[in-house]
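Residue numbers (the numbering used here): 1495 to 1560.
Notes to accompany the following structure.
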C-alpha cells in the first residue's frame, strides 16, 4: 500500500472493508450477499463524496465502455 501510494499518489485509492464477523470464502447465503452489497453501496457513497478528481466517474465510464 505504501509503495503504490508513493508511486501513484492521488491516482491510488484502495477499497478495504473490515468485517467484525468474517465471511467464509464459499458463503453464498442471501443474507451474506445482501450484507456485502450494503457495504459496497456505503463504500461507493463514501468514494463519491471524496471524489475530488472524479475517479469514480472514470471507473464507471471505463466499465461501461467494455
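Note that CB positions come from ideal geometry on N, CA and C, so glycine has one too.
Values in this document were obtained by computation on a predicted structure and should not be read as measured data.
For residue 1511 and residue 1529, the gap between their C-alpha atoms comes out near 12 angstroms.
Per DSSP, reduced to three states, the secondary structure at residue 1515 is coil, with no helix or strand assignment. The beta carbon of residue 1499 lies closer than 8 angstroms to those of 1506 in the same chain, with the five residues before and after it left out. The C-alpha of residue 1527 lies about 12 angstroms from the C-alpha of residue 1519.
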